[in-house]
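Colleague: Reading the sequence shown from the start, the letters are residues 80 to 237 in the numbering used here.
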Amino acid sequence: PVSGIALGSATIAPVNMANAYATIANGGQAATVHVVDKVTDADGKVLYQRKQRTEDAIDEDVAADTSYALQQVVSSGTGTAALALGRPAAGKTGTATNADDDVSSSWFVGYTPQLATAVMYVRGKGNEALDGWLPDYNGVSGYFGANYPARTWTAVMT
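#1: Using only the alpha-carbon positions, how far apart do THR90 and SER184 sit?
#2: Reducing DSSP to helix, strand and coil, say where GLN193 ends up.
#3: Between TYR200, THR233, VAL125, which lies nearest to SER220 when the distance is taken from Cα to Cα?
#4: Extract the residue ranges of the alpha helix (DSSP H) inside the segment 120-200, only unbroken runs of 4 or more that lie entirely within it.
#5: Since ALA208 is in the beta strand (DSSP E), which residue starts that stretch and which ends it?
#6: State the DSSP-derived secondary structure class of ALA225, mapped to helix, strand or coil.
#7: Nearest by alpha-carbon distance to LEU126: which of THR133, VAL118, ARG132 is it?
#8: Expressed to the nearest angstrom, what Euclidean distance is found between the alpha-carbon atoms of ILE84 and ALA175?
#9: Which residue marks the beginning of the alpha helix (DSSP H) containing ALA97, and which one marks its end?
#10: Beta-carbon separation of TRP186 and THR196 under 8 Å?
#11: If you check the beta carbons only, do THR191 and ARG166 fall under 8 Å apart?
#12: Would you check if the distance between the CB atom of ALA161 and the CB atom of GLY170 is smaller than 8 Å?
#13: Whose CA, out of GLN128, GLY107, ALA142, lies closest to the CA of ASP120?
#14: Can GLN181 and ASP210 be called in contact, C-beta distance under 8 Å?
#15: What is the rounded straight-line gap between the Cα of ARG230 and the Cα of ALA110?
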């Protein structure tokens, strides 16, 4: 059986996943995604300052329980690559396969107290095999969420 069919799938941008995890990290308060925080001129005068707005999106207790579960993924689950940060972190690995049972996409999405980031590995339109594109890692497909994506996330967050 192909688990992708049983579990279903949805298209979502990494920035939206990072924002969802940031909401969990922020106690259930969702903030709008932004690229530019502040613009200053040559003299340091602020020309633009982003106004942060948040809204209740998840009950605070649910966010806390979810955060605890995501911390366990890093401390003793499939996300242990993130332990290399040497600081508090939470996250989740994810791997999808195509009809040929090839790894076709893999993720690691997580956060530290200050920043949430999502890493996605995918080729083409998202259903092409990733295996063979880069070498295996310790004899296992490097594309499982615990391998290349989690290691990339950790490097970015360092």
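For each residue, glycine too, the CB sits at the ideal point set by N, CA and C.
Here the structure is a predicted model, which is why all the values come from computation and not from measurement.
Modeller: On the basis of the data shown:
#1: 11 Å
#2: coil
#3: TYR200
#4: The segment 120-200 contains these whole alpha helix (DSSP H) runs: 139-155.
#5: First-last for ALA208: undefined, no H or E at that position.
#6: coil
#7: VAL118
#8: Note that ILE84 has pLDDT 44, beneath the 50 cutoff, so the model's placement of it is unreliable and no number is given.
#9: 93-104
#10: no
#11: Less than 8 Å separates the beta-carbon of THR191 from that of ARG166.
#12: yes
#13: GLN128
#14: Checking the displayed sequence, the identity of residue 181 turns out to be Asp instead of Gln. In this structure, ASP210 lies closer than 8 Å to ASP181 by Cβ.
#15: Cα-Cα distance, rounded: 27 Å.
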